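Residue numbering for the sequence shown is 0 to 370, as defined by numbering that gives the first Met the number 0.
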Amino acid sequence: MGSLAMSRVEAIEQPAPSIADEVARLAREELAPLAAAIDAGSVYPDELLRRLGEVGAWSSHVPQEGPADLRCAIQSIAALGEVCGATAFMAWCQSTLVWYAANSTNLKLATRFGDGFSSGRLLGGTGLSNPMKCFFGIEKLKLKGRKVDGGYLVRGALPWVSNLGEGHFFGTIFEREDEPGDTVMFLADCSDPAVTLAPCKPFLAMDGTGTYGVQFRDAFVPDELILAAPAAPFVKKIRAGFILLQAGMALGVIRDCIRIMDEVNAPLGHVNRYLPQQPQQFRELHSEFEREAMTLASDPYNTDDSYWRRVVALRLRLGDASVAAAHAAMLHCGARGYLRSHRAQRRLREAYFVAIVTPATKHLRKMLADG
Ligand SMILES: Cc1cc2nc3c(=O)[nH]c(=O)nc-3n(C[C@H](O)[C@H](O)[C@H](O)COP(=O)(O)OP(=O)(O)OC[C@H]3O[C@@H](n4cnc5c(N)ncnc54)[C@H](O)[C@@H]3O)c2cc1C
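Shown next as structure tokens:
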């Protein structure tokens, strides 16, 4: 009786688990058993992505009548990344899609899709690599569109877009052929018969992320699916959030690399201590990055140039540190990390993705160099 009373008191005193705690629990209990199959490309975890939506993983960063706060979303993506980098990437895709819809001033679009995306009932991602590179003078826009009654006709192809499948949506941008220089951001509907998803050749990692080449054959995009026209001011508004949410991927991968180094300390510490990079250095870096990410993530609409440069600089350091931490984890593990069954080599492949996904290391360096 006494112990029942005690457990009731304890239950009352326990704070409700935060969204990030719930995400971490699902990561340990439901994602961990799937991580190897996702890495091998035999599973695209759509059911788990919907479960994560049910616990609020995709909704915490939706702006509430003004400001937005990305901290919880980044922590949630990091919790997934500690277990599986590919799932952290899909979480970023979904969170970014939510971020687009939540910032659109097209009320019809927000009403039709806002809840669907943020609850995980509707899944999808983002095709902004090419537009981001275009806005920073690296390549030309690959999609072209022209105005017709009630919308636009869009043609062209994007080589890689992730977190896609039947019934999925993603945000991307075309250039108007009838108004050269004008750009329009829209939601692409993967179920449209004029939009084809072509499987990609196998990647180094990320094969379970629902990544396809997407072709538009004069696809009709109704006004209801327009996120922003013109696109440029909208991209300026959402770009810090787009980049900061990627911090979750890096923080998760780095944290697990530290754990891998710690795990081999007992059998190999006597010789691993001669390696130049030690887990303690990465622990300090991780804390520093997390602090900076949390500070920047609480103010994603900041328009100061100095704020934007801090976002870009943090993203660059996160990509470099992900690769460095995964490299160090490989060296600490030795032969056991060289086994295909060990996650150290998966972490190395995932870390390279953090460094090459848009904005890639070279892109970020160009942004900082251009001023
Ligand atoms: C697994 C995976 C998932 C991705 N998911 C997304 C996504 O969800 N959304 C998104 O917008 N982008 C996605 N990308 C693209 C990614 O963000 C980067 O744009 C890409 O990795 C290249 O970036 P980069 O700046 O290094 O460009 P670079 O590699 O320097 O140049 C890229 C350009 O080179 C050409 N190119 C090079 N290799 C090939 C090839 N094999 N096939 C076709 N064209 C080629 C293309 O024109 C391409 O635009 C994904 C890439 C990968 C590998």
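A virtual CB, placed ideally from N, CA and C, is assigned to each residue, including glycine.
Predicted model, so just to flag it, every value in this text is computed and none were measured.
Presumed contact (8 Å Cβ cut-off) between residue i and residue j, rounded CB distance
i, j, result
"Trp57", "Gly119", "5 Å"
"Val153", "Phe112", "The Cβ separation is near 18 Å, so there is no contact."
"Asp177", "Lys132", "Going by Cβ atoms, the distance from Asp177 to Lys132 rounds to 24 Å, so no, they are not a contact pair."
"Leu163", "Tyr99", "Actually they do not touch by this definition, with Cβ atoms about 15 Å apart."
"Val97", "Ser117", "5 Å"
"Trp72", "Ser94", "Sequence inspection shows Ala at residue 72; the Trp mentioned does not correspond to that position. At roughly 5 Å, the Cβ-Cβ gap stays under 8 Å, so Ala72 and Ser94 are in contact."
"Ala187", "Phe168", "7 Å"
"Leu274", "Gly333", "Between Gly333 and Leu274 the Cβ distance is about 10 Å, and since that is not below 8 Å, they are no contact."
"Gly80", "Met248", "5 Å"
"Leu25", "Arg50", "6 Å"
"Asp255", "Pro278", "The pair is not a contact, with the Cβ atoms about 11 Å apart (cut-off 8 Å)."
"Ala227", "Phe219", "Wrong, their Cβ atoms sit about 19 Å apart, outside the cutoff."
"Ala312", "Ala246", "About 12 Å; that fails the 8 Å criterion."
8 Å Cβ cutoff met for residue i and residue j
i, j, result
"Leu363", "Leu315", "yes"
"Leu196", "Ile172", "no"
"Lys107", "Glu223", "yes"
"Glu28", "Leu47", "no"
"Ala325", "Ile257", "no"
"Phe288", "Leu250", "yes"
"Pro208", "Phe135", "First, the residue type needs correcting, since residue 208 is Thr and not Pro in the sequence shown. No; because the gap between Cβ atoms is not below 8 Å, this pair is not in contact."
"Val183", "Gly144", "yes"
"Tyr300", "Ala101", "no"
"Val160", "Val82", "no"
Spatial neighbours of residue i in its chain, beta-carbon cut-off 7 Å, leaving aside the 5 residues before and after
i, result
"Val310", "Ala239, Ile242, Leu243 and Leu295"
"Val8", "In this prediction, Val8 has a pLDDT of 44, which is less than 50 and means its spatial position is unreliable; what the coordinates show is noted afterwards. None."
"Pro221", "Gly149 and Gly150"
"Ser321", "Ala249, Val252, Ile253, Ala350, Val353 and Ala354"
"Ile18", "Val54, Gly55, Ala56, Ser59, Cys71 and Ser75"
"Ala230", "Ile172, Thr182, Val183 and Met184"
"Trp91", "Ile76, Leu244, Gln245, Gly247 and Met248"
"Pro158", "Gly212"
Same chain only: Cβ atoms within 8 Å of residue i, ignoring 5 sequence neighbours per side
i, result
"Ala204", "Asp38, Gly84, Ala85, Arg345, Arg348, Glu349, Tyr351 and Phe352"
"Glu165", "Cys189 and Ser190"
"Pro44", "Leu30, Leu33, Ile37, Thr86, Met89 and Gly207"
"Ser297", "Asp68, Leu69 and Arg70"
Sequence-distant residues of its chain with Cβ nearer than 6 Å to residue i (five each side left out)
i, result
"Thr360", "Gly318 and Ala354"
"Ile225", "Asn105 and Phe185"
"Tyr306", "none"
"Leu121", "Gly115"
"Asp206", "Gly40"
"Ser340", "none"
"Ile259", "Ala328 and Ala343"
"Leu284", "Ala320"
"Gln276", "Ala327"
"Asn271", "His331"
"Val61", "Ala101 and Ser117"
Per-residue burial, residue i [other beta carbons within 10 Å of its own, 16 or more giving buried]
i, result
"His385", "Any question about residue 385 goes unanswered here, given that the chain covers just 0 to 370."
"Arg290", "exposed"
"His269", "exposed"
"Pro130", "buried"
"Leu367", "exposed"
"Gly336", "buried"
"Thr357", "buried"
"Pro32", "exposed"
"Pro198", "exposed"
"Asp369", "exposed"
"Ala23", "buried"
"Glu64", "exposed"
"Ser125", "Residue identity check: residue 125 is Thr in the sequence provided, not Ser. Buried."
"Ala78", "buried"
"Gly123", "buried"
"Ser103", "buried"
"Glu174", "buried"
"Gly170", "buried"
"Pro201", "exposed"
"Glu21", "buried"
"Gly1", "Any reading at Gly1 needs caution, since the residue's pLDDT is 40, under 50, leaving its predicted position unreliable; the model's value is listed next. When all chains shown are included, Gly1 counts as exposed."
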